[in-house]
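Novice: Residue numbers (our numbering), protein chains in the order written: chain A, 1 to 138; chain B, 1001 to 1138. Beta carbons: idealized from backbone N, C-alpha and C, even for Gly. Okay, here's the structure, questions in a sec.
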DNA sequence: GCCCGTTATGCAGCAAACTTGCATAACGGG
DNA sequence: CCCGTTATGCAAGTTTGCTGCATAACGGGC
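The following block contains the structure:
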């Protein structure tokens, strides 16, 4: 099974260059010896949590603006959770900001010391929420 | 798949009575509606970490050690959550210990008064996390 | 050492889950 | 409304997991 290695390659490619389309990424993968279709690439990006931002794919890493406000990272978990990592003690403040944004896909949030659990209805909403929260803190 | 339920039954049986052999346990299981061979029971005991001590099977020291440090139980919930029950007031301390362990499958944790939610990426990771946390507190 | 009761394990068969490509639907900018 | 791009239902092929059978390995008692 080459899925794992292909995804690793995708991560390094996404990190190294500005990739605008899945077709482009598919071609780069093929040049690296990983033959796959756009379907698979789409699913890989989904699993890896890579999002398209400003016209190119990028790791869902919190921006400087977000870090300045306590948000360090966002990760999907299962189908219905998004986990936000925050600087110690700031999770509640970040959660309040997220709650106030009134993002429709969010069912509810729970904040601990440095972590927030954000409940969403289903997988599709995870990416939307990650994107919107990043925008909120960008 | 009845493996999980069978193992739960094994745990309750081991907790409730003095069971001296796997044959005996197999018979008790069958009486409870779980038909399985000694092979499977052997593998179950291995997975559950049940050991033979003083001539009968007993729950591993790991659990006792864990209780001494505030952790009372671990249960999967849905596909992406593991719920840890703790002694009142100790959830945060237990959560800190879990966080510090740096278990790779864990996406994030949120601690309440006596309960911790542990987010994992998917179902497969639940078992791994439960096992690793138990080892941590053993 | 030799039995014999007990436990562990290699192997094969079956079932469930995963991965993938194809075709096509859904989305979104212009 | 188009068209480039991305997501997804479906089916085929593959992998992984669970199980029982047969049997090997272990361990206490003699």
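1) Could you tell me if residue 127(A) is buried or exposed, where buried requires 16 or more neighbouring beta carbons within 10 angstroms of its beta carbon?
2) According to DSSP, simplified to helix, strand and coil, what is residue 1118(B)?
3) Between the stretch 90 to 123 of chain A and chain B, which residues of the former have CB atoms less than 9 Å from a CB of the latter, in chain order?
4) Going by C-alpha to C-alpha distance, which of 1006(B), 1025(B), 1003(B) and 1011(B) sits closest to residue 1073(B)?
5) Please list the terminal residues of the continuous beta strand (DSSP E) segment that includes residue 1058(B).
6) Kindly give me the distance between the Cβ atoms of residue 107(A) and residue 121(A), rounded to whole angstroms, as I take these residues to be in contact under 8 Å.
7) Could you tell me which chain A residues have their CB closer than 7 Å to the CB of residue 1086(B), listed as they occur along the chain?
8) With three or more C-beta pairs closer than 8 Å as the rule, is the stretch 1037 to 1054 of chain B touching the stretch 51 to 60 of chain A?
9) May I have the straight-line CA-CA distance separating residue 77(A) from residue 1002(B), to the nearest angstrom?
10) Nearest to residue 1119(B) by alpha carbon, out of 1129(B), 1113(B) and 1096(B)?
11) Would you say residue 1044(B) faces chain A, with C-beta separation under 9 Å as the test?
12) Ends of the alpha helix (DSSP H) at residue 99(A)?
13) Sort out for me which residues DSSP pairs residue 86(A) with in a bridge.
14) Residue 1070(B): buried (16+ other C-beta within 10 angstroms of its C-beta) or exposed?
15) Which runs of the alpha helix (DSSP H) at least 4 residues long sit entirely within the stretch 1011 to 1057 of chain B? Give them in chain order.
16) Would a check of beta-carbon distances place residue 1081(B) closer than 9 Å to chain A?
17) Buried or exposed for residue 1112(B), going by 16 or more other Cβ atoms inside 10 Å?
18) Taking Cβ positions only, does residue 77(A) come closer than 9 Å to chain B?
19) Contact defined as beta carbons within less than 8 Å: I believe residue 1116(B) pairs with residue 1091(B). What is the distance between those atoms, to the nearest angstrom?
Specialist: Let's see:
1) On the first chain, residue 127(A) is found 127 positions in, with the first residue counted as 1. Buried: at least 16 other Cβ atoms inside 10 Å.
2) Taking the second chain and counting its residues from 1, one reaches residue 1118(B) at position 118. Three-state DSSP puts residue 1118(B) in a strand.
3) Along the stretch 90 to 123 of chain A, the positions whose C-beta sits under 9 Å from a C-beta of chain B are 91, 110, 111, 112, 113, 114, 115, 116 and 117, read in chain order.
4) Reading the second chain from its first residue, position 73 is the one you call residue 1073(B). Among 1006(B), 1025(B), 1003(B) and 1011(B), the Cα nearest to that of residue 1073(B) belongs to 1011(B).
5) For the purposes of this step, residue 1058(B) is taken as residue 58 along the second chain, with counting starting at 1. Residues 1056 to 1058.
6) Mapped onto the first chain, residue 107(A) falls at position 107. Mapped onto the first chain, residue 121(A) falls at position 121. Contact flag correct, Cβ pair sits at about 6 Å.
7) Residue 1086(B) sits at position 86 when you count from the first residue of the second chain. Neighbours of residue 1086(B) on chain A: none; closest Cβ ~13 Å, over 7 Å.
8) no
9) Numbered from its first residue, the first chain carries residue 77(A) at position 77. Numbered from its first residue, the second chain carries residue 1002(B) at position 2. One C-alpha to the other measures close to 26 Å.
10) Position 119 of the second chain, counting from 1, holds the residue named residue 1119(B). Nearest to residue 1119(B) by C-alpha distance, out of 1129(B), 1113(B) and 1096(B), is 1129(B).
11) Residue mapping note: residue 1044(B) aligns to position 44 of the second chain, counting from 1. Not closer than 9 Å to any Cβ of chain A, the Cβ of residue 1044(B) fails to qualify, so no.
12) Taking the first residue of the first chain as 1, we reach residue 99(A) at position 99. Counting along the chain, the alpha helix (DSSP H) containing residue 99(A) begins and ends at 91 to 101.
13) Residue mapping note: residue 86(A) aligns to position 86 of the first chain, counting from 1. Beta-bridge pairing links residue 86(A) to 71(A).
14) Translated into the one-based positions of the second chain, residue 1070(B) becomes position 70. Per the 10 Å Cβ criterion, buried.
15) 1022 to 1031 and 1038 to 1048
16) Counted from its first residue, the second chain places residue 1081(B) at position 81. Output row for residue 1081(B): interface = yes.
17) By one-based count along the second chain, residue 1112(B) stands at place 112. Residue 1112(B) is exposed by the Cβ-count criterion.
18) The sequence position of residue 77(A) within the first chain is 77, counting from 1. Closer than 9 Å: yes.
19) Looking up residue 1116(B) in the second chain gives position 116. Looking up residue 1091(B) in the second chain gives position 91. Their Cβ separation, rounded to whole angstroms, is 5 Å, which keeps residue 1116(B) and residue 1091(B) in contact under 8 Å.
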